[in-house]
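Written out below as structure tokens is the structure these notes cover.
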Amino acid sequence: MKYLIIVLVILTLGSIAAGFILETEHSQKMIGFGTVGLFLVVFPLFTYHRWKDRNFKDYMLTKENLDKMRDKEKNKF
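Letter by letter, the sequence shown follows residues 0 to 76 of numbering that gives the first Met the number 0.
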């Protein structure tokens, strides 16, 4: 998954750069497809890859998590 994301980032950034550098009939489409690919394909894949093994309850402000945070602050001093 990691290598797929890297390849897709390189391809989309390459498409955007080629659209700016090359003066062809389809240069604006290259920039557009690169941008769409980056935001609609690469970013969701990256987000899924980074968050797939996480527990979302650890990041929610529940009573237990607030108590843990308060205990850490008390132990700090």
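Even for Gly, the Cβ is constructed at its ideal location relative to N, Cα and C.
Short Cβ contact (8 angstroms threshold) for residue i with residue j
i: Ile4; j: Phe45; result: yes
Which of helix, strand or coil DSSP assigns to residue i
i: Arg69; result: helix
i: Met29; result: helix
i: Thr34; result: helix
i: Thr3; result: One point to set straight first is that residue 3 is Leu, not Thr, in the sequence displayed. If DSSP states are grouped into helix, strand and coil, Leu3 belongs with the helices.
i: Thr23; result: coil
Query raised in the report: Is it a yes or a no for the stretch 2–19 touching the stretch 32–39, going by three-plus beta-carbon pairs under 8 angstroms?
Result: As far as the Cβ criterion goes, the stretch 2–19 touches the stretch 32–39, which means the pair count is three or higher.
Query - Residue ranges of each alpha helix (DSSP H) within the stretch 40–67, 4 or longer - result: Those alpha helix (DSSP H) runs which fall completely within the stretch 40–67 and span 4+ residues are 42–50.
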